[in-house]
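Numbering (the numbering used here), first residue to last: 1 to 227.
Ideal placement from N, C-alpha and C gives every residue a C-beta, glycine not left out.
The model shown is predicted, which means the values in this text are computed figures rather than measured ones.
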């Protein structure tokens, strides 16, 4: 069965989660004696702190998106180089075969500028095959086995770039899901502890009660403060 998409159970950012978490941990340490009577020990507070620290120190989406963006740029550069090499070849082919001839059309480069990555890769393979077939006729116009081999190399590099980008995209999807799951677990534990903190002070100390309030808004602050 396909795993269901994971969604955040809170509205604020990772940064706010970390900040709010550390803030509430400080209050919990202040009141650790009372928390102990509820079975929430200093070791439990430390365990949550370690989870928050691990989460905070983890690779962020901004970083992995940067890797993905770099892979996209590199793939596109190689793709442009591949198109340029094919266009140069076709300029020489047109000196031998008219553009409307069946031999010219065998190369299948009419829509080169509009082709997707997959189509461009497929075209590069076809151009090389047809180029080898007509090599003896194209050689006087500067086409050689090296010319075609260079296109093969560019095609291989382009294919590797496509694969690397797909891997980066997949890695980002996995990382995002893992971070959402980790954040939700931290939030769930934090809310459980702060609800306990509110219960401890509800009838005796309003200020300390408020210390344990978490506002589930974009800023983590009262709604009026976000206007």
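- The three-state secondary structure of residue 202, taken from DSSP, is coil.
- Contact check for residue 45 against residue 28 passes: the beta carbons are separated by less than 7 Å.
- The DSSP assignment places complete alpha helix (DSSP H) segments of no fewer than 4 residues inside the region 8–67 at 14–30, 32–36, 42–57, in order along the chain.
- Burial check for residue 7: the Cβ neighbour count within 10 Å stays below 16, so the residue is exposed.
- When the beta-carbon positions are compared, residue 151 and residue 124 come within less than 7 Å of each other.
- Its chain contains 6, 7, 8 as the residues whose beta carbon lies nearer than 8 Å to that of residue 180, once the 5 sequence neighbours on both sides are disregarded; these appear in chain order.
- Residue 108 sits close to residue 126, with the two beta carbons spaced by under 7 Å.
- Taking C-beta separations shorter than 7 Å and ignoring five residues to either side along the sequence, the partners of residue 212 in its chain run 24, 27, 194, 197, 198, following chain order.
- Counting along the chain, the unbroken alpha helix (DSSP H) around residue 131 starts and ends at 117–133.
- Residue state for residue 214 is assigned as coil, using DSSP reduced to three classes.
- Shortest Cα-Cα distance from residue 171 to any of 83, 117, 95, 59 involves 59.
- At least 7 Å separates the beta-carbon of residue 32 from that of residue 47.
- In this structure, the alpha-carbon of residue 71 lies about 30 Å from that of residue 18.
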